[in-house]
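A.B. asks:
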Amino acid sequence: MNKRIHELTRERAFRRDYVMTDQFRRASLSVMNNVAEGFERYRRAEFLQFLSISKGSAGEIRSMLYAALDVGHINQPTFEELLELIQELGSSLGSFRSGLERSAPKPSVGRRKATVCVTQDAGH
Numbered sequence: 000m001n002k003r004i005h006e007l008t009r010e011r012a013f014r015r016d017y018v019m020t021d022q023f024r025r026a027s028l029s030v031m032n033n034v035a036e037g038f039e040r041y042r043r044a045e046f047l048q049f050l051s052i053s054k055g056s057a058g059e060i061r062s063m064l065y066a067a068l069d070v071g072h073i074n075q076p077t078f079e080e081l082l083e084l085i086q087e088l089g090s091s092l093g094s095f096r097s098g099l100e101r102s103a104p105k106p107s108v109g110r111r112k113a114t115v116c117v118t119q120d121a122g123h
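Counting with numbering that gives the first Met the number 0, you get residues 0 to 123 for the letters of the sequence shown.
What follows is the structure, given as structure tokens:
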């Protein structure tokens, strides 16, 4: 996706729209960087959080595609092609995250044994 976004934002329509170009590129990098950063963490909960952030960045790209279509930077066929790709990516990230979450060992919830200490007064 990142390569495709870079190709797209090099096109003539994006040359003077620095803000949109920058936002597209940052969001596409965020998708892959957050997966990589989360993978390098030691705790599963952190990885899950980074996958959520990555999925959010995929949603940002989807939103940017609508904006680019609205202002005429992309045509309908390009929009549909990229929209399908980003929806598949977002869905894959969500499925991957859900699978990891389901496979996480559940903490055992047991009853704590109460310990009662009874002392006798030596004088009685």
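The beta carbon of each residue, even a glycine, is placed where N, CA and C say it ideally should be.
Model, not experiment: these values are computed from the prediction.
Quick check on Thr-10: does DSSP put it in helix, strand or coil?
C.D. replies: According to the sequence displayed, residue 10 carries Glu and not Thr. Here Glu-10 sits in coil by DSSP.
A.B. asks: Thinking C-beta only, is Leu-92 closer than 8 Å to Leu-64?
C.D. replies: no
A.B. asks: So Leu-28 packs on Arg-61, CB below 8 Å; how close in whole Å?
C.D. replies: So it is not a contact: roughly 16 Å between Cβ atoms.
A.B. asks: Within this structure, are the beta carbons of Val-18 and Ala-57 separated by less than 8 Å?
C.D. replies: no
A.B. asks: For my contact list, Gln-48 and Gly-55 are in at a C-beta cut-off of 8 Å; report their separation, rounded to the angstrom.
C.D. replies: Gln-48 to Gly-55, Cβ: 11 Å. No contact.
A.B. asks: If we ignore side chains and look at the alpha-carbon of each, how far apart do Leu-1 and Arg-101 end up?
C.D. replies: The question names Leu, but residue 1 is Asn in the sequence shown. Spanning the two alpha carbons is a distance of roughly 29 Å.
A.B. asks: Could you check what DSSP says for Gly-71 in three-state terms: helix, strand or coil?
C.D. replies: coil
A.B. asks: Can you look up Asp-21 in the DSSP assignment and give me helix, strand or coil?
C.D. replies: helix
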